[in-house]
Amino acid sequence: MDTTQLLKGVLDLAVLAVVSDEDGYGYDVVRRLRAAGIEEVGDASVYGTLRRLYSSGALTSYVVPSDEGPHRKYYGINAQGRAMLEAQRKDWQEFAGTMGRLLKTEVVR
Amino acid sequence: MSVLDTTDVLDVAGYAAAVRRSLADLGPEQVDDLTDDLEADLAEALDDERHVAHGRGVLEQFGPPVEYAAELRAAAGLAPAAAPTGRVRLFGDPVEDTRRLGRWALGRLRAQAWWAPVEAFLIALRPAWWLLRGWVVYQLVALVLGVSGWLPRNLAAFLVLVGAVVLSVQYGRGEWFRSRRVTWLAVTANVVAVLAVLPLLAGAHDRVAASESVYADYTAGRLSGGGGTQTIIQDKAVDGVVVDGMQVSNLFVYDAEGNPLSDVQVYDDRGRPVRTTFDNGFDQYWFPEATEPWSFVSRVDSDGRARWNVYPLQGAPTSEFTYDDDGLQVLPAGSSATTPPWPFAKAPALDAAPEATIGAEGPAPTPTSTP
Numbered sequence: 001m002d003t004t005q006l007l008k009g010v011l012d013l014a015v016l017a018v019v020s021d022e023d024g025y026g027y028d029v030v031r032r033l034r035a036a037g038i039e040e041v042g043d044a045s046v047y048g049t050l051r052r053l054y055s056s057g058a059l060t061s062y063v064v065p066s067d068e069g070p071h072r073k074y075y076g077i078n079a080q081g082r083a084m085l086e087a088q089r090k091d092w093q094e095f096a097g098t099m100g101r102l103l104k105t106e107v108v109r
Numbered sequence: 001m002s003v004l005d006t007t008d009v010l011d012v013a014g015y016a017a018a019v020r021r022s023l024a025d026l027g028p029e030q031v032d033d034l035t036d037d038l039e040a041d042l043a044e045a046l047d048d049e050r051h052v053a054h055g056r057g058v059l060e061q062f063g064p065p066v067e068y069a070a071e072l073r074a075a076a077g078l079a080p081a082a083a084p085t086g087r088v089r090l091f092g093d094p095v096e097d098t099r100r101l102g103r104w105a106l107g108r109l110r111a112q113a114w115w116a117p118v119e120a121f122l123i124a125l126r127p128a129w130w131l132l133r134g135w136v137v138y139q140l141v142a143l144v145l146g147v148s149g150w151l152p153r154n155l156a157a158f159l160v161l162v163g164a165v166v167l168s169v170q171y172g173r174g175e176w177f178r179s180r181r182v183t184w185l186a187v188t189a190n191v192v193a194v195l196a197v198l199p200l201l202a203g204a205h206d207r208v209a210a211s212e213s214v215y216a217d218y219t220a221g222r223l224s225g226g227g228g229t230q231t232i233i234q235d236k237a238v239d240g241v242v243v244d245g246m247q248v249s250n251l252f253v254y255d256a257e258g259n260p261l262s263d264v265q266v267y268d269d270r271g272r273p274v275r276t277t278f279d280n281g282f283d284q285y286w287f288p289e290a291t292e293p294w295s296f297v298s299r300v301d302s303d304g305r306a307r308w309n310v311y312p313l314q315g316a317p318t319s320e321f322t323y324d325d326d327g328l329q330v331l332p333a334g335s336s337a338t339t340p341p342w343p344f345a346k347a348p349a350l351d352a353a354p355e356a357t358i359g360a361e362g363p364a365p366t367p368t369s370t371p
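Chains as they are written, first to last, in UniProt numbering: chain A, 1 to 109; chain B, 1 to 371.
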């Protein structure tokens with residue numbers, strides 16, 4: 001099954017979860033998602049999602065100068081983002097539970 | 001993050017530019033928002049991926065820029081790109097690309113530790129540039145109107161200069177030319193000013209240098225001349241014989257007793273014939289108290305060569321000359337060349353002392369042979 005389609009619905013949640021652990025810049029978030037096992041997400045999707053979450057007020061953003069490379073724009077979570085994360089976490093867990101039960105009965109039947 | 005080699009950065013820059021072109025319909029601000037760190041992210045991702053997939057280029061790693069851009073905008077919740085209007089843009093918007101390149105270069109520079117003080121210094125210089133830019137605009141207007149000079153010389157030109165400076169400074173301060181309809185005008189003027197400033201400064205410098213040299217000549221002439229003698233400054237030495245700043249057309253030679261000599265050949269210390277005329281008989285010469293101009297004829301030496309260093313030059317009033325078949329000015333048969341009027345029939349005799357010398361330009365009255 002193509003998990004890319006599944007991911008699209010929950011990418012916001014995944015990104016919020018990663019950023020709530022620790023502030024990060026674009027590729028840093030991509031790397032941590034991959035490290036967490038979410039391999040099939042495109043870089044651009046993550047950057048776009050970060051941008052959209054920032055625009056909607058769920059993330060803060062600040063620029064960190066670097067001595068050896070270009071400056072990087074870091075994203076961090078704020079109160080609104082945490083609220084969104086909690087709500088979506090709950091939604092996801094309920095949905096996952098429902099799906100789990102559904103799939104379990106399917107298998108058992 | 002490891003240091004990237006140059007080709008990677010170039011590739012990344014090209015890829016990022018292509019992505020931005022695909023987003024161009026969103027407007028510059030949104031494109032900036034979406035792609036602020038794009039180069040850095042791409043470079044880092046590429047560098048990271050290389051550990052597992054060595055030798056992959058930007059294109060293999062990220063796919064076509066158009067698709068990357070589409071993914072970016074979809075994830076950001078923006079409307080997909082409008083269907084292409086049929087016009088294929090090969091090179092994108094050069095103005096927008098240049099601006100982005102500049103912004104990207106600035107980003108790289110700002111990452112350098114030494115750049116911050118340099119930038120602060122340059123920012124402090126900005127008002128000077130605004131003034132200079134106003135002056136450049138004034139110079140360009142003056143050039144069109146055919147006026148020259150560092151600074152205006154009349155009220156109208158002065159007002160133009162003041163106006164240009166005010167416009168430039170107000171634009172620099174961000175006060176004027178902010179509306180989209182006129183901003184192109186200001187940007188164009190800025191670009192023109194940047195391109196024109198060096199040629200204009202060079203031209204103005206040349207003009208000032210020229211007038212300074214004239215002034216220097218003037219003061220030098222006044223200081224050295226004393227009694228109103230004009231100093232003629234010429235690049236090339238005048239050929240011929242000059243007396244008191246005036247080129248002479250003929251020489252009259254007197255012997256030690258002061259009697260006039262004729263047919264005297266004159267050479268310089270290197271054996272070169274001393275000539276007073278170089279026109280081979282075409283020109284006309286006026287003598288003091290003459291009623292009409294004269295032209296001279298050459299003498300012929302024993303080898304048949306025309307000789308113009310035999311003094312006094314002989315000739316005839318120009319009106320007596322005719323033209324031969326070759327178009328040369330010749331005296332018609334029947335009339336012959338004569339010696340022009342002598343300045344005086346007899347010169348003062350020299351003292352008979354043996355050490356009596358002859359003037360520098362006066363040849364010895366003894367026959368000389370052609371060297």
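Quick reminder that beta carbons are idealized off the backbone N, C-alpha and C, glycines included.
Distance, arginine 103 of chain B Cα to tyrosine 129 of chain B Cα: Within the second sequence, the letter at position 129 stands for residue 129 of chain B. Within the second sequence, the letter at position 103 stands for residue 103 of chain B. Reading off the sequence shown, one finds tryptophan at residue 129 of chain B, where the question assumed tyrosine. Cα-Cα distance, rounded: 20 Å.
task: Using three-state DSSP, classify glycine 48 of chain A as helix, strand or coil.
output: On the first sequence, residue 48 of chain A is found 48 positions in, with the first residue counted as 1. It is helical.
- prompt: Under a CB-based cut-off of 9 Å, is aspartate 33 of chain B close to chain A?
  reply: For the purposes of this step, residue 33 of chain B is identified with residue 33 of the second sequence, where counting begins at 1. Aspartate 33 of chain B counts as touching chain A.
task: Please list the partners that alanine 81 of chain B has in chain A, where partner means a Cβ-to-Cβ separation under 8 Å.
output: Taking the first residue of the second sequence as 1, we reach residue 81 of chain B at position 81. Near alanine 81 of chain B there are no residues of chain A at all, since even the closest Cβ is about 14 Å away, more than 8 Å.
Reduced DSSP category for serine 319 of chain B - H, G, I as helix; E, B as strand; rest coil: Counting from 1 along the second sequence, the entry for residue 319 of chain B is found at position 319. It is helical.
query: leucine 53 of chain A: which of A:Arg82, A:Phe95, A:Lys104 and A:Val64 sits nearest, CA to CA?
result: As a first step, residue 53 of chain A is located in the first sequence; it is residue number 53 there, counting from the start. With distances taken between Cα atoms, leucine 53 of chain A lies closest to A:Arg82.
Secondary structure of alanine 347 of chain B, DSSP reduced to three states: Translated into the one-based positions of the second sequence, residue 347 of chain B becomes position 347. Three-state result, alanine 347 of chain B: coil.
- prompt: Where do the ends of the alpha helix (DSSP H) carrying residue 372 of chain B lie?
  reply: Given that chain B is displayed from residue 1 to residue 371, the structure contains no residue 372 of chain B and the question cannot be resolved.
field: Helix, strand or coil at glycine 24 of chain A according to DSSP, with G and I counted as helix
entry: To locate residue 24 of chain A, count along the first sequence from 1; it is residue 24. In this structure, glycine 24 of chain A counts as strand in the three-state DSSP scheme.
- prompt: Interface residues of chain B around arginine 52 of chain A at Cβ under 9 Å?
  reply: Along the first sequence, one-based indexing puts residue 52 of chain A at 52. Ordered by position in chain B, the residues that pass the 9 Å Cβ test against arginine 52 of chain A are Ala75, Ala76, Gly77 and Leu78.
- prompt: Just to confirm, are proline 65 of chain A and alanine 111 of chain B a CB contact at a threshold of 9 Å?
  reply: In the first sequence, the residue the question calls residue 65 of chain A occupies position 65. In the second sequence, the residue the question calls residue 111 of chain B occupies position 111. Contact: yes.
field: Cβ neighbour criterion (16 or more within 10 Å) applied to glycine 26 of chain A
entry: Here residue 26 of chain A refers to the residue found at position 26 of the first sequence. By the 10 Å Cβ count, glycine 26 of chain A comes out buried.
First through last residue of the alpha helix (DSSP H) which encompasses tyrosine 267 of chain B: Your numbering for residue 267 of chain B matches position 267 in the second sequence. That residue, tyrosine 267 of chain B, is in no alpha helix (DSSP H); it is neither H nor E in DSSP.
- prompt: Using a Cβ cut-off of 8 Å, which residues of the stretch 30 to 52 of chain A contact any Cβ in chain B, in chain order?
  reply: Val30, Arg31, Gly42, Asp43, Ala44, Ser45, Val46, Tyr47, Gly48, Thr49, Arg51 and Arg52
- request: Could you tell me whether any Cβ in chain B is nearer than 9 Å to the Cβ of glycine 24 of chain A?
  value: Here residue 24 of chain A refers to the residue found at position 24 when the first sequence is read from its first residue. No, because no Cβ of chain B sits closer than 9 Å to the Cβ of glycine 24 of chain A.
field: Residue nearest to alanine 196 of chain B in terms of C-alpha spacing, selected from B:Trp294, B:Leu132, B:Arg108 and B:Ser319
entry: Position 196 of the second sequence holds residue 196 of chain B. The shortest Cα separation from alanine 196 of chain B among B:Trp294, B:Leu132, B:Arg108 and B:Ser319 belongs to B:Leu132.
- request: Give me the Cβ distance between alanine 316 of chain B and tryptophan 286 of chain B, rounded to the nearest whole Å; I'm assuming they're in contact under 8 Å.
  value: On the second sequence, position 316 is the one that residue 316 of chain B refers to. On the second sequence, position 286 is the one that residue 286 of chain B refers to. That pair is no contact at about 14 Å.
message: Would you say phenylalanine 62 of chain B lies against chain A (beta-carbon separation less than 9 Å)?
response: If you number the second sequence from 1, residue 62 of chain B lands on position 62. It does; some Cβ of chain A falls within 9 Å.
- prompt: Can you list, in chain order, the residues of its chain whose CB lies under 8 Å from that of residue 110 of chain A, leaving out five sequence neighbours each side?
  reply: Residue 110 of chain A lies beyond the range of chain A shown here (1 to 109); nothing can be said about it.
message: Looking at chain A, is there any beta carbon in it that lies within less than 9 Å of the beta carbon of leucine 101 of chain B?
response: By 1-based counting over the second sequence, the position of residue 101 of chain B is 101. No, no contact with chain A.
query: Taking the alpha helix (DSSP H) that arginine 126 of chain B falls in, what are its first and last residues?
result: One-based indexing of the second sequence puts residue 126 of chain B at position 126. Its alpha helix (DSSP H) spans residues 115 to 145.
message: According to DSSP, glutamine 247 of chain B sits in a beta bridge with which residue or residues?
response: Start at 1 with the first residue of the second sequence, and residue 247 of chain B comes out as number 247. Note: glutamine 247 of chain B sits in a beta bridge opposite B:Val242.
query: Where does alanine 76 of chain B land, buried or exposed, given buried means 16+ other C-beta within 10 angstroms?
result: Here residue 76 of chain B corresponds to residue number 76 of the second sequence, with the count starting at 1. Per the 10 Å Cβ criterion, buried.
task: Using three-state DSSP, classify phenylalanine 278 of chain B as helix, strand or coil.
output: Here residue 278 of chain B refers to the residue found at position 278 of the second sequence. It is coil, neither helix nor strand.
- prompt: Can you tell me the Cα-Cα spacing of valine 95 of chain B and alanine 202 of chain B, whole angstroms?
  reply: The residue labelled residue 95 of chain B in the question sits at position 95 within the second sequence. The residue labelled residue 202 of chain B in the question sits at position 202 within the second sequence. Going from the Cα of valine 95 of chain B to the Cα of alanine 202 of chain B covers about 28 Å.
- prompt: In whole angstroms, what separates the C-alpha of valine 12 of chain B from that of proline 199 of chain B?
  reply: Taking the second sequence and counting its residues from 1, the one referred to as residue 12 of chain B is at position 12. Taking the second sequence and counting its residues from 1, the one referred to as residue 199 of chain B is at position 199. Across the structure, valine 12 of chain B and proline 199 of chain B are spaced so that their CA atoms are roughly 37 Å apart.
message: For alanine 62 of chain A, list the residues DSSP reports as bridge partners.
response: Counted from its first residue, the first sequence places residue 62 of chain A at position 62. In the sequence as displayed, the identity of residue 62 of chain A is tyrosine instead of alanine. Paired residue(s): A:Tyr74.
- prompt: How should lysine 73 of chain A be labelled, buried or exposed, when 16 other C-beta atoms within 10 angstroms of its C-beta is the threshold for buried?
  reply: Taking the first residue of the first sequence as 1, we reach residue 73 of chain A at position 73. Buried: at least 16 other Cβ atoms inside 10 Å.
- prompt: Whose C-alpha, out of B:Ser213, B:Ala210 and B:Gly134, is nearest the C-alpha of valine 192 of chain B?
  reply: Position 192 of the second sequence, counted from the start, is the residue given in the question as residue 192 of chain B. The shortest C-alpha separation from valine 192 of chain B is found at B:Gly134.
query: Using CA coordinates, which residue listed in B:Asn250, B:Asn190, B:Gly163 and B:Leu26 is at the minimum distance from asparagine 309 of chain B?
result: Walking along the second sequence from the start, residue 309 of chain B turns up at place 309. Per the Cα distances, B:Asn250.
message: For a quick check, are the C-beta atoms of glutamine 329 of chain B and phenylalanine 282 of chain B less than 9 Å apart?
response: Taking the second sequence and counting its residues from 1, one reaches residue 329 of chain B at position 329. Taking the second sequence and counting its residues from 1, one reaches residue 282 of chain B at position 282. In this structure, phenylalanine 282 of chain B lies closer than 9 Å to glutamine 329 of chain B by Cβ.
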